[in-house]
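Using the numbering used here, you'd call the opening residue of the sequence shown number 2 and step up by one each time. For every residue, glycine included, the Cβ atom is placed at its ideal position computed from N, Cα and C. Right, one structure below, let's go through it.
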Amino acid sequence: MTVLRRNWCSTRLMSRKPWWNLCRVRGAERAMQCVVYKSLRQFDYYLYVREEDELTRVPEGLKQILGVLEKVMDLELHENRRLAQADVREVLQQIGDQGYFLQMPPRRDAGSDAS
Numbered sequence: 002m003t004v005l006r007r008n009w010c011s012t013r014l015m016s017r018k019p020w021w022n023l024c025r026v027r028g029a030e031r032a033m034q035c036v037v038y039k040s041l042r043q044f045d046y047y048l049y050v051r052e053e054d055e056l057t058r059v060p061e062g063l064k065q066i067l068g069v070l071e072k073v074m075d076l077e078l079h080e081n082r083r084l085a086q087a088d089v090r091e092v093l094q095q096i097g098d099q100g101y102f103l104q105m106p107p108r109r110d111a112g113s114d115a116s
């Protein structure tokens with residue numbers, strides 16, 4: 002079997018380059034083009050992936066847990082961007098390391114359930 006496209010994951014692991022080397026420079030900061038998907042099975046679960054990788058680096062087990070994924074938006078991530086429920090640096094780091102970032106709903110305290 003011939004692979005025409007270079008496997009980004011193996012290149013990443015061999016080179017041990019930080020995530021920012023995978024980004025294009027946007028002015029004085031580095032930016033990564035991402036796609037955000039939401040799970041139709043798991044409420045408030047969002048999956049961030051690199052635009053060029055799409056879902057190829059997401060494990061099959063995770064895809065099965067999340068079920069059908071609906072594309073929500075294309076997003077340019079950079080260190081100065083603010084995200085509502087996640088630290089953008091953590092998102093960029095995880096996408097660079099494992100190929101995706103899974104945003105889950107905020108945890109509810111056990112005490113807040115008691116009325």
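Leu67: member of the alpha helix (DSSP H) spanning Glu61 to Leu67, first to last residue. A distance below 8 Å separates the beta carbons of Phe102 and Tyr49.
Residue range Tyr47 to Arg51 is occupied by the beta strand (DSSP E) that includes Arg51. Using a C-beta cut-off of 8 Å, the stretch 31 to 45 makes contact with the stretch 66 to 84, since at least three inter-stretch Cβ pairs fall below that distance. The alpha-carbon of Ala85 is positioned some 11 Å away from that of Gln104. Gln99: member of the alpha helix (DSSP H) spanning Val89 to Gln99, first to last residue. Around the Cβ of Gly100, a 10 Å sphere holds 16 or more other Cβ atoms; the residue is buried.
In the three-state scheme derived from DSSP, where H, G and I count as helix and E and B as strand, Arg108 is classed as coil. In the DSSP annotation of this structure, the continuous segment of the beta strand (DSSP E) that includes Glu77 starts and ends at Leu70 to His79.
The straight-line gap separating the alpha-carbon atoms of Glu55 and Ile96 is approximately 11 Å.
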